[in-house]
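Presented below is the structure to which this report refers.
There are 4 protein chains.
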Amino acid sequence: MANIEFNALSVITCGSFSARVFVPEMDKLYLDDSGHTKKYPVLWLLHSDGEAAVDFLRTPAEALAAQYGIVIIAPDQHHALTTNMDFGPRYEEFLRRELPGICRNTFPISEDPAENWIAGVGTGGYGAVKMAMKYPEIFSKAVAINGILDMERAIGDAVAGRDPGFPLGKASLEAVFGDLDAFHGSCNDVYALAEKPQTAQFLLCWEEGLPTAAENARLAQLLKAETKVLPTGSDCGSCQKTLPAALKWLVK
Amino acid sequence: MANIEFNALSVITCGSFSARVFVPEMDKLYLDDSGHTKKYPVLWLLHSDGEAAVDFLRTPAEALAAQYGIVIIAPDQHHALTTNMDFGPRYEEFLRRELPGICRNTFPISEDPAENWIAGVGTGGYGAVKMAMKYPEIFSKAVAINGILDMERAIGDAVAGRDPGFPLGKASLEAVFGDLDAFHGSCNDVYALAEKPQTAQFLLCWEEGLPTAAENARLAQLLKAETKVLPTGSDCGSCQKTLPAALKWLVK
Amino acid sequence: MANIEFNALSVITCGSFSARVFVPEMDKLYLDDSGHTKKYPVLWLLHSDGEAAVDFLRTPAEALAAQYGIVIIAPDQHHALTTNMDFGPRYEEFLRRELPGICRNTFPISEDPAENWIAGVGTGGYGAVKMAMKYPEIFSKAVAINGILDMERAIGDAVAGRDPGFPLGKASLEAVFGDLDAFHGSCNDVYALAEKPQTAQFLLCWEEGLPTAAENARLAQLLKAETKVLPTGSDCGSCQKTLPAALKWLVK
Amino acid sequence: MANIEFNALSVITCGSFSARVFVPEMDKLYLDDSGHTKKYPVLWLLHSDGEAAVDFLRTPAEALAAQYGIVIIAPDQHHALTTNMDFGPRYEEFLRRELPGICRNTFPISEDPAENWIAGVGTGGYGAVKMAMKYPEIFSKAVAINGILDMERAIGDAVAGRDPGFPLGKASLEAVFGDLDAFHGSCNDVYALAEKPQTAQFLLCWEEGLPTAAENARLAQLLKAETKVLPTGSDCGSCQKTLPAALKWLVK
Numbered sequence: 000m001a002n003i004e005f006n007a008l009s010v011i012t013c014g015s016f017s018a019r020v021f022v023p024e025m026d027k028l029y030l031d032d033s034g035h036t037k038k039y040p041v042l043w044l045l046h047s048d049g050e051a052a053v054d055f056l057r058t059p060a061e062a063l064a065a066q067y068g069i070v071i072i073a074p075d076q077h078h079a080l081t082t083n084m085d086f087g088p089r090y091e092e093f094l095r096r097e098l099p100g101i102c103r104n105t106f107p108i109s110e111d112p113a114e115n116w117i118a119g120v121g122t123g124g125y126g127a128v129k130m131a132m133k134y135p136e137i138f139s140k141a142v143a144i145n146g147i148l149d150m151e152r153a154i155g156d157a158v159a160g161r162d163p164g165f166p167l168g169k170a171s172l173e174a175v176f177g178d179l180d181a182f183h184g185s186c187n188d189v190y191a192l193a194e195k196p197q198t199a200q201f202l203l204c205w206e207e208g209l210p211t212a213a214e215n216a217r218l219a220q221l222l223k224a225e226t227k228v229l230p231t232g233s234d235c236g237s238c239q240k241t242l243p244a245a246l247k248w249l250v251k
Numbered sequence: 000m001a002n003i004e005f006n007a008l009s010v011i012t013c014g015s016f017s018a019r020v021f022v023p024e025m026d027k028l029y030l031d032d033s034g035h036t037k038k039y040p041v042l043w044l045l046h047s048d049g050e051a052a053v054d055f056l057r058t059p060a061e062a063l064a065a066q067y068g069i070v071i072i073a074p075d076q077h078h079a080l081t082t083n084m085d086f087g088p089r090y091e092e093f094l095r096r097e098l099p100g101i102c103r104n105t106f107p108i109s110e111d112p113a114e115n116w117i118a119g120v121g122t123g124g125y126g127a128v129k130m131a132m133k134y135p136e137i138f139s140k141a142v143a144i145n146g147i148l149d150m151e152r153a154i155g156d157a158v159a160g161r162d163p164g165f166p167l168g169k170a171s172l173e174a175v176f177g178d179l180d181a182f183h184g185s186c187n188d189v190y191a192l193a194e195k196p197q198t199a200q201f202l203l204c205w206e207e208g209l210p211t212a213a214e215n216a217r218l219a220q221l222l223k224a225e226t227k228v229l230p231t232g233s234d235c236g237s238c239q240k241t242l243p244a245a246l247k248w249l250v251k
Numbered sequence: 000m001a002n003i004e005f006n007a008l009s010v011i012t013c014g015s016f017s018a019r020v021f022v023p024e025m026d027k028l029y030l031d032d033s034g035h036t037k038k039y040p041v042l043w044l045l046h047s048d049g050e051a052a053v054d055f056l057r058t059p060a061e062a063l064a065a066q067y068g069i070v071i072i073a074p075d076q077h078h079a080l081t082t083n084m085d086f087g088p089r090y091e092e093f094l095r096r097e098l099p100g101i102c103r104n105t106f107p108i109s110e111d112p113a114e115n116w117i118a119g120v121g122t123g124g125y126g127a128v129k130m131a132m133k134y135p136e137i138f139s140k141a142v143a144i145n146g147i148l149d150m151e152r153a154i155g156d157a158v159a160g161r162d163p164g165f166p167l168g169k170a171s172l173e174a175v176f177g178d179l180d181a182f183h184g185s186c187n188d189v190y191a192l193a194e195k196p197q198t199a200q201f202l203l204c205w206e207e208g209l210p211t212a213a214e215n216a217r218l219a220q221l222l223k224a225e226t227k228v229l230p231t232g233s234d235c236g237s238c239q240k241t242l243p244a245a246l247k248w249l250v251k
Numbered sequence: 000m001a002n003i004e005f006n007a008l009s010v011i012t013c014g015s016f017s018a019r020v021f022v023p024e025m026d027k028l029y030l031d032d033s034g035h036t037k038k039y040p041v042l043w044l045l046h047s048d049g050e051a052a053v054d055f056l057r058t059p060a061e062a063l064a065a066q067y068g069i070v071i072i073a074p075d076q077h078h079a080l081t082t083n084m085d086f087g088p089r090y091e092e093f094l095r096r097e098l099p100g101i102c103r104n105t106f107p108i109s110e111d112p113a114e115n116w117i118a119g120v121g122t123g124g125y126g127a128v129k130m131a132m133k134y135p136e137i138f139s140k141a142v143a144i145n146g147i148l149d150m151e152r153a154i155g156d157a158v159a160g161r162d163p164g165f166p167l168g169k170a171s172l173e174a175v176f177g178d179l180d181a182f183h184g185s186c187n188d189v190y191a192l193a194e195k196p197q198t199a200q201f202l203l204c205w206e207e208g209l210p211t212a213a214e215n216a217r218l219a220q221l222l223k224a225e226t227k228v229l230p231t232g233s234d235c236g237s238c239q240k241t242l243p244a245a246l247k248w249l250v251k
């Protein structure tokens, strides 16, 4: 097992970015592969708003990269909600183009969409599902883990002064999405996107009792996504069961 | 010498933050100090826009913390320009209240303003000078190293499509400062702030030939700040001479 | 929750050392504590041979530090087996004197033995139990998690060419313990130490089916230690249940 | 510029190891290189005894990797002195075989000896020169920066209770080299090795006034190595001039 802290420069986000990278155990077979031409399948893994890529060290990500022989890349995204922010970095663009380019140059990862998957936790699940809907030519499969998916509902909560389920208020959501009244049906509304036919495959996975369980079930129906519901508490607060379930589904 | 990577949660910036902390060598004297009540002077050190706190590992910061027996704390600030962003984190508030509170709880640092100093590189110099002008009850001395200070000029450059000297365009500057036409004379305009009497002390330090040398000289005159100009290239691109000069001035 | 990577110099081990430090969430109460005199209870946490302190990021250590309001300090110990190596660093000395001194100078931790506990995983459990037996004036409680405790048995395995349960062979064990024939009854033999009356308290905690379950049970009997056996697999390979059980016992 | 912290498992050293990796800026040209088959020249960079790979963050290593379009890999070696320790890890074996294999599998680095160079600072310079003498089929060029090269002299100092110039005493040197009386002329004595014809190329580079200047000059003469002596203090304590000089020589 190996884990990497990767700090580099991004032109699109105008500065330094950080990512955590998990690479598989170096198998003797590959060490003998004298050309070192092996390219590994890659899972792009998105943290939830208010968290950071370093938090994935608490999950079985490193062990799963080793077990399945894949690379897992978890970039920091701060409060960008996997979106080309109205005021702020064009994170969607960064994630679909610049980050893969940089990482393909630095790590031995596949460019084949069949071997490029995207997953996320909480609002990262929203980001993962959105990216695979909009860019199936890059990401062929997406998983939302304990997804916070309905940004229209979250906007309504924030505008009304209620907790949207992640630490952003109205002004911050405007910085991300621009005019909040125009959100419904926009290119950031995954329920609107889900009404068009999809070529990527989707898994929505959550713990029983998740406050956003209903919005997960609703999106799953629209997307004809697979779902997997795990017993409350089985994740020990750190994806101990959901992330393995996600990987099992992704690699099959 | 000791260096620390510190990851914690901030209520004000709604999420995780990172800082690099440099602490002095553990002197036998203090190890015998059985109460461990020693509180060290502290330098708050701000990176330039487009850079990150980790970049201070390239500078003599760790060696200087050891040499002078002080703690140096360099927080990440992404693109906040040490400002309560119009769209984004209220970084100024974070830096003057929450970060010191968290750090005073975690590290042995003094709360005495006479032992709390602030410095920054590039746009971090703008931030350092602004903080000490507005909050001299917290920061008694400030240093700008190769400062990019005149945000009105930078805004003009960005609006006209010219390079402002750091990687932010018009939209990003609006996200930080709000209405750009209202910047002149605002609470973020250090030249306007400098016209009022100041109680903190200031050093502006730069390498000869710095593109913003003139705006440094102009602010120095307004502030009656000390200045120090070092030969071109003496910093080796990593504050090898300016940061030692800053520390020498701060501790005297 | 906050996690820290701490790199500093050690005189006793003749070089740099690294530790991971987990500090409690900064409670508003303490932020208002203007003297910042709060000293937290501290758990010294030892990794197993072949692992490293960074691996504790996979465990609930950070969450537990927050939950219980304690500091957890996990130093790297490479292959020292928590021992003053015959050839190599005097790690026992480092751990009982220098590391606490350095950390008490840098972090707000208690010096009261009643608030200094030591725990370890695998061979780190051997180290934790040994330290509390030999230095109860420093560590008042010790926990071994899935402990590998019987070094005499391990030496026998290694000499016979069998796997001792951790990645050290005969020569490496000689580098740690010196003459292996003299190990029995030595100051590194916890079964010999356990025959003397103990003032510290001990918990041995393991997953059912652990290969070293019998040597745990045997030491528990000698020490009149508490034991806790959890179902196989409940730890998800990363102390998800044992470390919380350890903390619950330590703080009560 | 990009820097990487790399943690992985080593079979040969029986545990986790860490390395710092610096990779070149991602040039647009290579981002468009759709096969991502580019392999970069690689410099293996060794720290001195008592220091660690993280210390290279203080040097221009990251900037030089960007400037020259090469990868720089700095592994931690603790107190192994780049040697198959008599008691301890077989570090020489790790460095010539396992580490390159793991890194070639993980990073886009060349296997061509003409593009594999090795350098070191202090006792790392001893290691670098030794490796290139013994394994020119792997490392075609070596640089010692402020090298501490004469281990026979260092052993004499340590045995006599004098400071050998790095923080190891007699017992620690025995753990590395075994019988110290047998050191002279052994496979770890670079002066003995230097009497045989060499196929690799060597640069010895130091600051004027270095205590080991004479032993550098003596080895240079035996090896017909190039030498470069820089003014005292020009390195600012962090290879500001020597490492750029080394790179200039390596890439030409």
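Going down the list, the protein sequences come from chains A, B, C and D. Taking numbering that gives the first Met the number 0, the leading residue of the first sequence gets 0, the next gets one more, and so forth. Taking numbering that gives the first Met the number 0, the leading residue of the second sequence gets 0, the next gets one more, and so forth. Taking numbering that gives the first Met the number 0, the leading residue of the third sequence gets 0, the next gets one more, and so forth. Taking numbering that gives the first Met the number 0, the leading residue of the fourth sequence gets 0, the next gets one more, and so forth. All C-beta atoms, glycine included, are put in the ideal place defined by N, C-alpha and C. Just so it is clear, the structure is predicted and the values come from calculations on it, not from any experiment.
Let's see if you can read the secondary structure: which residues bound the alpha helix (DSSP H) around residue i?
i: threonine 81 of chain C; result: Counting along the chain, threonine 81 of chain C falls outside any alpha helix (DSSP H), and DSSP gives it neither H nor E.
i: leucine 172 of chain A; result: 169-176
i: lysine 133 of chain C; result: 122-133
i: asparagine 216 of chain A; result: First, the residue type needs correcting, since residue 216 of chain A is alanine and not asparagine in the sequence shown. Where alanine 216 of chain A is concerned, the enclosing alpha helix (DSSP H) stretches over 212-222.
For residue i, tell me which candidate among the options has the shortest Cα-Cα distance.
i: threonine 252 of chain A; options: A:Asn6, A:Pro210, A:Asp188; result: It is not possible to answer for residue 252 of chain A, since the shown part of chain A is limited to 0 through 251.
i: aspartate 149 of chain C; options: C:Pro88, C:Val10, C:Leu218; result: C:Leu218
i: glycine 121 of chain A; options: A:Phe176, A:Val158, A:Pro88, A:Ser47; result: A:Ser47
i: glutamate 61 of chain A; options: A:Leu249, A:Gly232, A:Gln239; result: A:Gln239
i: histidine 78 of chain B; options: B:Ala64, B:Gly124, B:Leu167, B:Tyr190; result: B:Leu167
i: threonine 231 of chain C; options: C:Glu92, C:Lys247, C:Pro210, C:Leu249; result: C:Pro210
At the level of alpha carbons, what is the spacing between residue i and residue j?
i: cysteine 204 of chain B; j: asparagine 145 of chain B; result: 6 Å
i: alanine 212 of chain A; j: threonine 105 of chain C; result: 44 Å
i: lysine 195 of chain B; j: asparagine 215 of chain B; result: 18 Å
i: proline 74 of chain D; j: glutamate 50 of chain D; result: 11 Å
i: leucine 44 of chain B; j: valine 22 of chain D; result: 26 Å
i: isoleucine 71 of chain B; j: isoleucine 137 of chain D; result: 42 Å
i: alanine 67 of chain B; j: serine 185 of chain C; result: A small correction: the amino acid at residue 67 of chain B is tyrosine; alanine does not occupy that position in the sequence shown. Cα to Cα, the separation comes out at about 45 Å.
i: tryptophan 116 of chain B; j: leucine 249 of chain B; result: 7 Å
Identify every residue that forms a DSSP beta bridge with residue i.
i: serine 17 of chain D; result: D:Asn6
i: glycine 87 of chain A; result: Answer is none; glycine 87 of chain A lacks a bridge partner.
i: alanine 141 of chain B; result: B:Ile117, B:Phe201
i: proline 107 of chain D; result: DSSP lists no partner for proline 107 of chain D.
i: valine 250 of chain D; result: Valine 250 of chain D pairs with nothing; no bridge assigned.
i: isoleucine 72 of chain B; result: B:Val20, B:Trp43
i: valine 228 of chain A; result: A:Trp205
i: alanine 1 of chain D; result: D:Val22
Under 6 Å Cβ to Cβ from residue i, same chain only, skipping five residues before and after it: list those, please.
i: alanine 153 of chain A; result: Pro163
Quick one: residues in its chain with C-beta nearer than 7 Å to the C-beta of residue i, no 5 flanking neighbours on either side, listed in chain order?
i: lysine 38 of chain A; result: Pro107, Ile108, Ser109
i: glutamate 114 of chain A; result: Pro40, Val41
i: aspartate 234 of chain A; result: Glu206, Lys240, Thr241
Taking the beta strand (DSSP E) that residue i falls in, what are its first and last residues?
i: valine 41 of chain C; result: 41-45
Whose C-beta lies closer than 8 Å to the C-beta of residue i among residues of the same chain, with five residues either side of it excluded?
i: arginine 96 of chain D; result: Ile11
i: serine 15 of chain C; result: Asn6, Ala7, Leu8, Ser9
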